[in-house]
Amino acid sequence: MELVTSTQTVIKNISHTEGIALKRLLEVAGDSKTFVVTGSKLMDKNDLARSVINNMFGKLEVAGLLRTWSLGVKGTRCEILNAEALQEISKKVNL
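In this text, residue positions in the sequence shown follow numbering that gives the first Met the number 0: the first is 0, and each later residue adds one.
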């Protein structure tokens, strides 16, 4: 029986557009572990829908890689729980 990590599961289940959103999220985050991001910061330049961003957040939260809190119109507060895994996913997503 093969042991599958949450990182491998996310790599298999993340869509192309969610991968683009993840790369943009990591650009916005920079070196910060906790940061606030608005949907428009992730959507501009990439023509991403808000639902794609929400789905990406959901998948990363379920995998235990990211924690988010809605701040309403002010955006979403994100806390990266496993930066190395997010970097690995970002590199392995086929873009």
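For each residue, glycine too, the CB sits at the ideal point set by N, CA and C.
What is the residue span of the beta strand (DSSP E) that L65 lies within? From DSSP, the beta strand (DSSP E) with L65 extends over 65-69.
Hey, would you say E83 sits closer than 8 Å to V51, going by beta carbons? Cβ atoms of E83 and V51: not closer than 8 Å.
Based on Cα-Cα distance, which residue from V72, R76, R66, L59 lies nearest to V9? The option with the nearest alpha carbon to V9 is L59.
Should L21 and S89 be called a contact, given that it needs their Cβ atoms to be closer than 8 Å? S89 sits close to L21, with the two beta carbons spaced by under 8 Å.
Evaluate A62 with the Cβ neighbour count: other Cβ atoms within 10 Å of its Cβ, from every protein chain shown; 16 or more gives buried, anything less gives exposed. Under this definition A62 is a buried residue.
Skipping 5 residues on each side, what residues in its chain have a beta carbon closer than 8 Å to that of T67? Spatial neighbours of T67 in its own chain (CB-CB distance under 8 Å, excluding positions within 5 residues in sequence) are listed in chain order as F56, E60, T75, R76, C77, E78.
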